[in-house]
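Trainee: One structure, as structure tokens, below. Some questions next.
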Amino acid sequence: VQRVLGQRKGESSDVVMKRARRGTIAAGYFKLLPVFMFLIPGMVAAALAARPDSGFTLDNPDTAFGAMVKFVLPAGVKGIVTIGFISALVASLAAFFNSCATLFTEDFYKPNFKGKTEERYVLVGRIATIVVVILGIIWIPVMMSLGSLYSYLQGIQSLLAPAMVAVFVLGIFSKKITPKAGEAGLIFGFLVGMVRLLTNIFTDTGAKVMSGGFWESTAWFWQTNWLIFEIWLLVAIMIFMVLVSFVTKKPTAKQVEFISFSGDYKKLVRQSWDKWDVIASLGVVIFCALFYWYFW
Numbered sequence: 008v009q010r011v012l013g014q015r016k017g018e019s020s021d022v023v024m025k026r027a028r029r030g031t032i033a034a035g036y037f038k039l040l041p042v043f044m045f046l047i048p049g050m051v052a053a054a055l056a057a058r059p060d061s062g063f064t065l066d067n068p069d070t071a072f073g074a075m076v077k078f079v080l081p082a083g084v085k086g087i088v089t090i091g092f093i094s095a096l097v098a099s100l101a102a103f104f105n106s107c108a109t110l111f112t113e114d115f116y117k118p119n120f121k122g123k124t125e126e127r128y129v130l131v132g133r134i135a136t137i138v139v140v141i142l143g144i145i146w147i148p149v150m151m152s153l154g155s156l157y158s159y160l161q162g163i164q165s166l167l168a169p170a171m172v173a174v175f176v177l178g179i180f181s182k183k184i185t186p187k188a189g190e191a192g193l194i195f196g197f198l199v200g201m202v203r204l205l206t207n208i209f210t211d212t213g214a215k216v217m218s219g220g221f222w223e224s225t226a227w228f229w230q231t232n233w234l235i236f237e238i239w240l241l242v243a244i245m246i247f248m249v250l251v252s253f254v255t256k257k258p259t260a261k262q263v264e265f266i267s268f269s270g271d272y273k274k275l276v277r278q279s280w281d282k283w284d285v286i287a288s289l290g291v292v293i294f295c296a297l298f299y300w301y302f303w
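Below, the structure written as structure tokens:
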């Protein structure tokens, strides 16, 4: 994406799109590696914990990585792995905090407080970083109350992803979706997702038996499995965006010329790929299918 957005003057669009596409395909192959980094070590940890003669103990699934490092790796390798893990964690947190500070300063503070000095903007960014850190610390008990770390991450993604998917899919494949509909879809999806998150906190992710007319009448909302809920949320957001598009100003043909997948843009996209792109893409799909088949 950054390669496309950073297109230099004079570069052919189909060449830039080809590079971006092949970079994305390569990223798809790299995304297969987490199966070996996360899934298989967890399976090994579970197998070792089931053997009484292994000396391996696993009290909580979230501690599988730490237990593997403690009981399986030799002494010298333990330090290297631990240092690498901490370095990656610190780098990820630093990038996250920097993104939050930049987002708040550039998109919220600057438009409303124009003409300030750069020192003032830097100070605001630092304050925003401190606030994000404090909020993250406050949120830790909430994370711990929502089950295992894997379940928490999947549940959060299921609440945030549908809105983004709906906006991208309808925005690319339909010329009738308005900008206001896209904005409304993001807000609607976020609000519904946050309500669902609150119900997860109060109901222990739907595991508690809640009494009362309110909880019984809304059981379809807070007891539904997260996989099914995100599908219905995606459908609801799409319907909501279509309805909003009927009552808001339509985009002009020039505005959607190179955004929606149609017309000249469709021809341009077709010119930018060949059989090797198709073969490489099918390779990613085949590997994913093999993983599902083997671990089913």
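The sequence shown begins at 8 in our numbering and counts up one residue at a time. Glycine residues also receive a C-beta, built at the ideal position from the N, C-alpha and C atoms.
What first and last residue would you give for the alpha helix (DSSP H) that runs through N207?
Mentor: Here residue 207 refers to the residue found at position 200 of the sequence shown. Taken as a continuous stretch (DSSP letters only), the alpha helix (DSSP H) holding N207 covers P186 to T210.
Trainee: So T255 and K187 are in contact, right, with Cβ under 8 Å, and what is the actual spacing, rounded?
Mentor: Position 248 of the sequence shown, counting from 1, holds the residue named residue 255. Position 180 of the sequence shown, counting from 1, holds the residue named residue 187. Confirmed, Cβ separation roughly 4 Å.
Trainee: With DSSP collapsed to three states, give me the class of M217.
Mentor: Sequence index remark: in the sequence shown, residue 217 carries index 210 (1-based). Coil at M217, not helix or strand.
Trainee: Going by DSSP, what residue range makes up the alpha helix (DSSP H) through D284?
Mentor: Taking the sequence shown and counting its residues from 1, the one referred to as residue 284 is at position 277. It spans K282 to F302 - the alpha helix (DSSP H) in which D284 sits, taken as one unbroken run.
Trainee: Express the C-alpha separation of N105 and P118 in angstroms, rounding to a whole number.
Mentor: By one-based count along the sequence shown, residue 118 stands at place 111. By one-based count along the sequence shown, residue 105 stands at place 98. Answer to the nearest angstrom: the Cα atoms are 19 Å apart.
Trainee: Using only the alpha-carbon positions, how far apart do V285 and L167 sit?
Mentor: Start at 1 with the first residue of the sequence shown, and residue 285 comes out as number 278. Start at 1 with the first residue of the sequence shown, and residue 167 comes out as number 160. About 30 Å.
Trainee: Nearest-angstrom Cα distance between P81 and S155?
Mentor: Along the sequence shown, read from residue 1 onward, the residue named residue 81 stands at position 74. Along the sequence shown, read from residue 1 onward, the residue named residue 155 stands at position 148. Whole-angstrom Cα-Cα distance: 28 Å.
Trainee: Can you tell me where the alpha helix (DSSP H) with M171 in it begins and where it stops?
Mentor: Within the sequence shown, numbered from 1, the residue matching residue 171 stands at position 164. Unbroken alpha helix (DSSP H) run through M171: L156 to F180.
Trainee: Identify whether A260 lies in helix, strand or coil by the three-state DSSP scheme.
Mentor: Taking the sequence shown and counting its residues from 1, the one referred to as residue 260 is at position 253. Three-state result, A260: coil.
Trainee: Just curious, the alpha helix (DSSP H) that L100 is in, first and last residue?
Mentor: Looking up residue 100 in the sequence shown gives position 93. Its alpha helix (DSSP H) spans residues A82 to F111.
Trainee: Output needed for L55: all residues of its chain with C-beta closer than 7 Å, excluding positions within five of it in sequence on either side, in chain order.
Mentor: Sequence index remark: in the sequence shown, residue 55 carries index 48 (1-based). Correct list, in chain order: S61 and F63.
Trainee: For A57, does the three-state DSSP call read helix, strand or coil?
Mentor: Mapped onto the sequence shown, residue 57 falls at position 50. A57 falls in the coil class under three-state DSSP.
Trainee: Is it buried or exposed for G132, if we count other Cβ within 10 angstroms and need 16 for buried?
Mentor: Counted from its first residue, the sequence shown places residue 132 at position 125. Classification of G132: buried, given that the 10 Å Cβ count is 16 or more.
Trainee: Report yes if the C-beta distance between T212 and K257 is below 9 Å; otherwise report no.
Mentor: Against the sequence shown, residue 212 aligns to sequence position 205. Against the sequence shown, residue 257 aligns to sequence position 250. No, the pair does not count as a contact, with Cβ atoms beyond the cut-off.
Trainee: Buried or exposed for I244, going by 16 or more other Cβ atoms inside 10 Å?
Mentor: As a working mapping, residue 244 is identified with position 237 in the sequence shown. Answer is buried; the Cβ neighbour count reaches 16.
Trainee: Using the Cα positions of F195 and Q164, report the straight-line distance between them to the nearest angstrom.
Mentor: In the sequence shown, residue 195 corresponds to position 188, counting from 1. In the sequence shown, residue 164 corresponds to position 157, counting from 1. Computed Cα separation, rounded: 16 Å.
Trainee: For R29, which option in K282, F197 and M248 has the closest C-alpha, if you only look at C-alpha atoms?
Mentor: For this step, residue 29 is matched to residue 22 along the sequence shown. Closest option to R29, Cα to Cα, is K282.
Trainee: Rounded to the nearest angstrom, what separates W303 and K183 at their Cα positions?
Mentor: Your numbering for residue 303 matches position 296 in the sequence shown. Your numbering for residue 183 matches position 176 in the sequence shown. C-alpha separation (whole angstroms): 41 Å.
Trainee: With burial defined as no fewer than 16 other Cβ atoms inside 10 Å of the residue's Cβ, what is the status of R277: buried or exposed?
Mentor: On the sequence shown, position 270 is the one that residue 277 refers to. Its Cβ having fewer than 16 others within 10 Å, R277 is exposed.
Trainee: Consult DSSP for Q230 and reduce its assignment to one of helix, strand or coil.
Mentor: Within the sequence shown, residue 230 is the residue found at index 223, counting from 1. It is coil, neither helix nor strand.
Trainee: Can you look up S2 in the DSSP assignment and give me helix, strand or coil?
Mentor: Past the edges of the chain, shown from 8 to 303, lies residue 2, and the structure says nothing about it.
Trainee: Going by CA-CA distance only, name the one from G162, G178 and K261 that's closest to I208.
Mentor: Numbered from 1 along the sequence shown, position 201 holds the residue referred to as residue 208. Here the closest residue by C-alpha is G162.
Trainee: Could you tell me whether the region 197–207 touches the region 123–142, where touching means 3 or more Cβ pairs closer than 8 Å?
Mentor: Output reads no: the region 123–142 does not touch the region 197–207.
Trainee: Is L110 closer than 9 Å to A170 when the C-beta atoms are compared?
Mentor: Stepping through the sequence shown from its first residue, residue 170 is reached at position 163. Stepping through the sequence shown from its first residue, residue 110 is reached at position 103. No, they are not a contact pair.
Trainee: Cα-Cα, which of L289, G143, G192 and W300 is closest to Y36?
Mentor: Here residue 36 is taken as the residue at index 29 of the sequence shown, counted from 1. The option with the nearest alpha carbon to Y36 is L289.
Trainee: Beta carbon of G192, beta carbon of V216: below 9 Å?
Mentor: Along the sequence shown, read from residue 1 onward, the residue named residue 192 stands at position 185. Along the sequence shown, read from residue 1 onward, the residue named residue 216 stands at position 209. Result no, Cβ atoms of G192 and V216 do not sit closer than 9 Å.
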